[in-house]
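See structure below.
Numbering (my numbering), first residue to last: 5 to 407.
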């Protein structure tokens, strides 16, 4: 603790922060692996990792060293010039994603904005003057105006009308609704969906990942772009590097962020197939796209995921946790869904208060989404001992809450 520089907050002054976050009454000053620590040294098991961000855990020594070295060397020059680390990061990301062209953004929402722009430009190149994109109910794609317009959650849209037009909404997993939309709207040019709806309750479609195969077939039939939002499901989270790799298909456009930088703010929109070459010079950009520092972070994160067999570990430990939760909560009438280290425990009643109970009584950081789903997004390199620690903290908390 003696080596930590604490923030010089003036406690007698207002924070001056916009009140857009409902913050919990706790602050952490350091982290290590799967654990977080307060200023007084109290330890908490982090089963949320910054909402699926810190897949390698907190303060990974190799990543910390790379960041420090690059920050002391060169952080940013802009894309007026060649950026060698950006090229290296793109090559590394292409290797694990199967994609061909990559644009680095600063967030998941910006990545999805890029996908929306690609779809619209693709439509115009096809002679469609008013291109439409199919999106799903209960989806979440971001909070910029275009991405919240694409999002299937009226709560995040309230107060921001008029929304961006051009989105056709269908029930998640309803292939017939997509096929009917194709008949009713001849100006559709793309479909944008999440393989697993994280904010929607850690859900796949009812038919599982075959839904993605149906979407691929329909997109091929109509010459549409298949666009997958893997902001949360990418980078090893589901036990594959990208969730679409649970199938035999590949999308035309793929977006990601969160775990891509392990806490450093960076995202990517990627293309292959019909998506390649749609955006040309001057069509898109960002001052901070693929900085020297951000790109080295991406390269290092992917390299560590590969060298430390993180994806396989996420699959193994995630399956263990799901099996244990099902066994230990068999009498609690819960539904456990799991895909690698993306786990949802659906309770028979709303459970927002469980976040506070877990934190205050069990020193465990969790999240509740969709009202009654405990969402767990642990570090992908969590070991069996830490997984058992998670079980020892959360199972009693759920049992107490439902008693």
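All residues carry an ideal CB built from backbone N, CA and C; glycine is no exception. Just so you know, these numbers come straight off a predicted model, no measurement behind them.
* Asked: DSSP three-state call for residue 118: helix, strand or coil?
  -> Taking the first residue of the chain shown as 1, we reach residue 118 at position 114. Helix.
* Put residue 360 into one of helix, strand or coil per three-state DSSP. => By one-based count along the chain shown, residue 360 stands at place 356. Residue state for residue 360 is assigned as helix, using DSSP reduced to three classes.
* Minimum C-alpha distance to residue 360 - residue among 221, 267, 198 and 27 -> Numbered from 1 along the chain shown, position 356 holds the residue referred to as residue 360. For the set 221, 267, 198 and 27, the Cα lying nearest the Cα of residue 360 is the one of 27.
* **Coarse secondary structure for residue 201, derived from DSSP in three states** => The residue labelled residue 201 in the question sits at position 197 within the chain shown. Three-state result, residue 201: strand.
* Asked: Roughly how many whole angstroms lie between the Cα atoms of residue 42 and residue 161?
  -> Your numbering for residue 42 matches position 38 in the chain shown. Your numbering for residue 161 matches position 157 in the chain shown. Going by C-alpha positions, residue 42 is about 35 Å away from residue 161.
* Asked: Does the distance from the CB of residue 212 to the CB of residue 144 come in under 8 Å?
  -> If you number the chain shown from 1, residue 212 lands on position 208. If you number the chain shown from 1, residue 144 lands on position 140. Not a contact, by the Cβ cut-off of 8 Å.
* Status (buried if at least 16 other CB within 10 Å, exposed otherwise) for residue 327 -> The sequence position of residue 327 within the chain shown is 323, counting from 1. Its Cβ having fewer than 16 others within 10 Å, residue 327 is exposed.
* Asked: Tell me which same chain residues have a C-beta within less than 6 Å of the C-beta of residue 88, skipping the five on either side of it?
  -> Taking the first residue of the chain shown as 1, we reach residue 88 at position 84. Once the five neighbours on either side are set aside, residue 88 has no close Cβ partner at all.
* Helix, strand or coil for residue 109, going by three-state DSSP, please let me know. => Along the chain shown, read from residue 1 onward, the residue named residue 109 stands at position 105. Note: residue 109 maps to strand in three-state DSSP.
* **Residue from 281, 396 and 242 with nearest C-alpha to residue 385** => Reading the chain shown from its first residue, position 381 is the one you call residue 385. The candidate whose alpha carbon is nearest that of residue 385 is 242.
* To the nearest angstrom, report how far apart residue 393 and residue 304 are at their CA atoms. => Numbered from its first residue, the chain shown carries residue 393 at position 389. Numbered from its first residue, the chain shown carries residue 304 at position 300. Going by the C-alpha atoms only, they are around 29 Å apart.
* Since residue 216 and residue 251 are thought to touch, with beta carbons under 8 Å apart, how far apart are those beta carbons, to the nearest angstrom? -> Here residue 216 refers to the residue found at position 212 of the chain shown. Here residue 251 refers to the residue found at position 247 of the chain shown. Residue 216 to residue 251, Cβ: 5 Å. Contact.
* Sufficient close CB pairs (3 or more, under 8 Å) joining the stretch 376-391 to the stretch 320-337 -> With three or more CB-CB distances shorter than 8 Å, the stretch 376-391 counts as touching the stretch 320-337.
* Candidates 63, 138, 59 and 291: closest to residue 223 by CA position -> Counting from one through the chain shown, the residue named residue 223 turns up at place 219. Comparing Cα-Cα distances from residue 223 to each of 63, 138, 59 and 291, the minimum goes to 138.
* Contacts around residue 8, its chain only, beta-carbon distance under 7 Å, and the 5 residues preceding and following it disregarded -> Numbered from its first residue, the chain shown carries residue 8 at position 4. Excluding positions up to five away in sequence, the list reads 33 and 34.
* Asked: Taking DSSP as the reference, what is the three-state secondary structure of residue 127?
  -> Looking up residue 127 in the chain shown gives position 123. Reduced to three states, the DSSP call for residue 127 is helix.
* Asked: To the nearest angstrom, how far is it from the Cα of residue 293 to the Cα of residue 331?
  -> As a working note, residue 293 is residue 289 in the chain shown. As a working note, residue 331 is residue 327 in the chain shown. Roughly 46 Å separates the two Cα atoms.
* Could you give the distance in angstroms between the alpha-carbon of residue 258 and the alpha-carbon of residue 16? -> Start at 1 with the first residue of the chain shown, and residue 258 comes out as number 254. Start at 1 with the first residue of the chain shown, and residue 16 comes out as number 12. If you draw a straight line from the Cα of residue 258 to the Cα of residue 16, it comes to about 46 Å.
* **Local Cβ density within 10 Å of residue 80, reported as buried at 16 or more and exposed below that** => For the purposes of this step, residue 80 is taken as residue 76 along the chain shown, with counting starting at 1. Exposed: under 16 other Cβ atoms inside 10 Å.
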